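In this text, residue positions in the sequence shown follow our numbering: the first is 8, and each later residue adds one.
Some notes on the structure that comes next.
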Amino acid sequence: MSYLKIFLCFSLIALLCSACGEQKQKEGVATTPSSLKDTTVSKEAKQEIDSKKETDSLSAFPKITNDNVISFLTSYGKKNPETKVRITAFNGEFKDSLDIELFEDTPLHRANFIYLTKQGYFNETFFHRIVPNFIIQGGNSDNISTPKKRGKLGDYLLPAELDNNRVHRYGTVSGAKEYRENPGKQTAPYEFFIFLGPQSSTGHLNGNYTIFGRVTRNMELVEKIANLPHDDGDWPLRNVYIRAKVID
């Protein structure tokens, strides 16, 4: 084989290898940002969270446990009788708020929600589960700050408060439960859900989940969040951040 043919052969191989490498690089550039886009904290969201940290001092309160939960929340509730909370939701594409009224005849759940709000617990969590025409659920996240906050606040469950015989209706706010043996129907204290309906979907909810509040303003926002694109686990494709504060 002549030197010219050998040179042309190696040149062709080098050209093909270069083209393949360029194609793989383009595919990497195209897929990596889209796969990270929905799980990373946006700069706007980070600034929103970091710029507003009006919380009580955790050092002023003991950790809540199953042994002291009733006495702690009963005492805290008497000193903090508020019943209204404003929740702002944002994800970089929209920012809006809704108002919640907490029921006084569920005193432990009311006091717990006020306590967590004043501690700033909800401010780095998401509406992390959305099911159109059923519920949106908030109070959790995949941020490392969430389990850290829970560790500081305490490991506990809320006793069920079901004696009022309420049923789930459009806009009711209820406490979530852990899927484990739970004959007492105790509430997981850090997560809540807002019910959208229909009434035919309440059979397994009524009498099993404590209803401790209702949305009094802007159910349109709840509907909007419920209909966002989501994955197979009902997690929104783009994180919906929560900020909560007590209002008059």
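Virtual Cβ for every residue (Gly too), placed ideally from N, Cα, C.
Keep in mind the model is a prediction, meaning the values are calculated, not measured.
Beta-carbon contacts of isoleucine 232 that lie in its chain and below 7 Å, excluding the five residues immediately before and after: Start at 1 with the first residue of the sequence shown, and residue 232 comes out as number 225. Hits under 7 Å: Ala96, Phe134, Ile137, Ile143 and Val247.
From glutamine 147 to glutamate 230, what does the alpha carbon distance come to, in whole angstroms? Start at 1 with the first residue of the sequence shown, and residue 147 comes out as number 140. Start at 1 with the first residue of the sequence shown, and residue 230 comes out as number 223. Before going on, a small fix: residue 147 reads as asparagine here, not glutamine. Roughly 19 Å separates the two Cα atoms.
For glutamate 198, count the other beta carbons within 10 Å of its own beta carbon; 16 or more makes it buried, fewer makes it exposed. Which is it? Position 191 of the sequence shown, counted from the start, is the residue given in the question as residue 198. By the 10 Å Cβ count, glutamate 198 comes out buried.
Sequence-distant residues of its chain with Cβ nearer than 6 Å to glutamate 55 (five each side left out): What you label residue 55 is simply residue 48 of the sequence shown in a count that begins at 1. Confidence at glutamate 55 is low in this model, with a pLDDT of 48, below 50, so the placement of that residue is unreliable and no value is reported for it.
C-alpha gap between glycine 161 and histidine 237, whole angstroms: Looking up residue 161 in the sequence shown gives position 154. Looking up residue 237 in the sequence shown gives position 230. Their backbone Cα atoms lie some 31 Å apart in a straight line.
In whole angstroms, what separates the C-alpha of leucine 212 from that of tyrosine 186? Within the sequence shown, the letter at position 205 stands for residue 212. Within the sequence shown, the letter at position 179 stands for residue 186. Their backbone Cα atoms lie some 13 Å apart in a straight line.
Pick from Ile94, Lys156, Leu235 and Thr124 that is closest to glutamate 100, judged by C-alpha positions: By one-based count along the sequence shown, residue 100 stands at place 93. Here the closest residue by C-alpha is Leu235.
Less than 6 Å between C-beta atoms, sequence neighbours within five positions excluded: which residues of the same chain meet that for serine 207? Within the sequence shown, the letter at position 200 stands for residue 207. If we look at serine 207 and ignore the five residues flanking it on each side, it has no Cβ neighbours.
CA-CA distance, lysine 70 and lysine 159? For the purposes of this step, residue 70 is identified with residue 63 of the sequence shown, where counting begins at 1. For the purposes of this step, residue 159 is identified with residue 152 of the sequence shown, where counting begins at 1. Their Cα atoms are separated by approximately 7 Å.
Inter-stretch contact at 8 Å, needing at least 3 Cβ pairs: the region 81 to 89 / the region 108 to 121: yes
Please work out which residues of its chain come closer than 6 Å, Cβ to Cβ, to alanine 118, disregarding the five sequence neighbours upstream and downstream, and give them in chain order. Sequence index remark: in the sequence shown, residue 118 carries index 111 (1-based). Counting only Cβ-Cβ distances below 6 Å, and skipping sequence neighbours, we find Leu80, Tyr83 and Gly84.
If you draw a straight line from the C-alpha of histidine 175 to the C-alpha of alanine 195, how long is it? In the sequence shown, the residue the question calls residue 175 occupies position 168. In the sequence shown, the residue the question calls residue 195 occupies position 188. The alpha-carbon atoms of histidine 175 and alanine 195 are separated by roughly 18 Å.
Using DSSP's beta-bridge definition, name the partner residues of tyrosine 248. By one-based count along the sequence shown, residue 248 stands at place 241. Paired residues: Phe97 and Phe133.
In DSSP terms, what glutamate 108 is bridged to: Position 101 of the sequence shown, counted from the start, is the residue given in the question as residue 108. Paired residues: Lys91 and Arg221.
Which word fits glycine 240, buried or exposed, when buried means at least 16 other C-beta atoms lie within 10 angstroms of its C-beta? Stepping through the sequence shown from its first residue, residue 240 is reached at position 233. That one is exposed.
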